[in-house]
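In our numbering, the protein residues as written are 1261 to 1401. We treat Cβ as the ideally placed atom computed from N, Cα and C, and that holds for glycine. Here is the structure we will look at.
Below, the structure is given as structure tokens:
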């Protein structure tokens, strides 16, 4: 059995347990298109090097948009890594990226910081939703 065949069997076994498989850093290094064909993936993570200059470099935007379109046509979800500002987030939303991660949302935190951080995020979301509901109510009157 080849290394690829062993890896395929391993990935299929892991997926059978309900674990999602991500192809990380897509577009760089060893994360090639052939992996999408050979291995059962759930999500593709676009490397942050394509996200960094998204609103400056037209080729980065074109590549990210092409990756999203291709992944969606294969039934894969897409995660953009390295989102650091609102402009990047707006472009990713505009071109249909379903998931994002990066310092714009949070720096890495410890396990002890996780609980309080989630409480703060939930409070912020509740406040935003309340403001949104108030705004909608005023427009209906």
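Item to check | 8 Å contact criterion, which residue 1346 and residue 1363 should meet: CB distance rounded | outcome: Not confirmed; about 12 Å, so no contact.
Item to check | Between the CA atoms of residue 1308 and residue 1289 - distance to the nearest angstrom | outcome: 13 Å
Item to check | Ordered list of alpha helix (DSSP H) runs contained in the region 1310-1345, each at least 4 residues | outcome: 1318-1333
Checklist entry - What are the boundary residues of the beta strand (DSSP E) that residue 1264 is part of? => result From DSSP, residue 1264 is part of no beta strand (DSSP E) but of the alpha helix (DSSP H) over 1263-1276.
Checklist entry - Which residues does DSSP pair with residue 1305 in a beta bridge? => result 1339
Next on the checklist: Using only the alpha-carbon positions, how far apart do residue 1360 and residue 1334 sit?
Outcome noted: 19 Å
Item to check | Neighbourhood of residue 1271 by C-beta distance below 7 Å, restricted to the same chain and skipping five residues each side | outcome: 1281, 1299, 1300
Item to check | Pick from 1265, 1352, 1377 that is closest to residue 1324, judged by C-alpha positions | outcome: 1352
Checklist entry - Short check: CB of residue 1311 to CB of residue 1268, under 7 Å? => result no
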